[in-house]
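See below for the structure under consideration.
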Amino acid sequence: MAELPLEDVALTVTAPDGSALAMRLTDSSGKINRIEVDVPPASESQSPNPDQRPYTVVNLFARKENYEQINVYSVQIFAGVTTEQNLEFIPLPEFPEAWDRAEDFDTPPQNL
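In my numbering, the protein residues as written are 1042 to 1153.
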């Protein structure tokens, strides 16, 4: 199966409460401009407190016409680390009952 970058994929990054943090469209190479997210200091991940997460959690929603939607929940963002999500879009069949299909992914918490 060919893996080709998709242009004009609509990406929305949200906080866990659903508030939008950023929206972007992919370029011809399937990339977006960097999104800055507030995160706890890196020192908190060196000796974690069990009552606090040493990372920020966001959700990612990706949409492209004629492809299944992709929903990625609980993406963990750490200080000083660039987080990349390589998404594999599945073309939709030409049947109307399949037009709103989505792939959901839930990232489990880090075992720190």
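For glycine and all other residues, C-beta sits at the position ideal for the given N, C-alpha and C.
Note that the coordinates shown come from a computational prediction; the quantities given were computed from them, not determined experimentally.
Residue i, enclosing beta strand (DSSP E) - first and last residue
| i | result |
| --- | --- |
| Val1098 | Thr1097 to Arg1104 |
| Ala1061 | Ala1061 to Leu1066 |
| Glu1144 | Ala1143 to Asp1147 |
| Gln1110 | Gln1110 to Ile1118 |
| Ala1083 | No beta strand (DSSP E) contains Ala1083, which DSSP labels as neither H nor E. |
Helix, strand or coil at residue i [DSSP, three-state]
| i | result |
| --- | --- |
| Ser1070 | coil |
| Thr1055 | strand |
| Pro1150 | coil |
| Pro1046 | coil |
| Pro1134 | coil |
Beta-carbon proximity check, residue i vs residue j, cutoff 8 Å
| i | j | result |
| --- | --- | --- |
| Tyr1096 | Ile1131 | no |
| Ala1103 | Leu1062 | no |
| Glu1085 | Glu1109 | no |
| Thr1148 | Val1116 | yes |
| Pro1057 | Ala1120 | no |
Where residue i falls, given that 16 or more other Cβ within 10 Å makes a residue buried
| i | result |
| --- | --- |
| Lys1072 | exposed |
| Asn1100 | buried |
| Val1122 | exposed |
| Leu1045 | exposed |
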